[in-house]
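Chemist: To start, I am sharing the structure in question, which I have written as structure tokens.
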Amino acid sequence: MTFQDKLDDITEATRNKTVKEESIKRLKGNISMLKKFEISAEQIRSEMLQEYSDVLTSEEIEKCLSVL
């Protein structure tokens with residue numbers, strides 16, 4: 001593995017971490033907003049699992065949903 005390959009791997013890992021962190025922030029904000037609109041916990045859970053499953057694991061999403 002060349003230095004450039006290692007550098008590319010580090011860059012990709014950093015990018016993935018940033019995307020994940022931003023997604024968690026948005027998820028928490030969306031949950032808070034939907035709760036204010038009195039959307040049911042089950043509907044919020046369903047929507048958020050669909051919306052964020054491509055970026056976050058089910059466990060990460062459920063952890064954010066634990067406030068419901």
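Take the sequence shown: its letters are residues 1 to 68, numbered as in full-length UniProt numbering. Heads up, the beta-carbon is just placed ideally off N, CA and C, and yes, glycines get one too. Treat the numbers as computed from the prediction; the structure is a model and nothing was measured.
So what's Met-1 in DSSP terms, helix, strand or just coil?
Modeler: DSSP places Met-1 in coil when its eight states are reduced to three.
Chemist: What separation, rounded to the nearest whole angstrom, lies between the Cα atoms of Ser-46 and Lys-20?
Modeler: One C-alpha to the other measures close to 19 Å.
Chemist: Measuring straight from C-alpha to C-alpha, what distance separates Tyr-52 and Gln-4?
Modeler: The straight-line gap from Cα to Cα measures roughly 32 Å.
Chemist: Please report the distance separating the alpha-carbon of Thr-2 from that of Leu-65.
Modeler: If you take the alpha carbons of Thr-2 and Leu-65, they lie about 42 Å apart.
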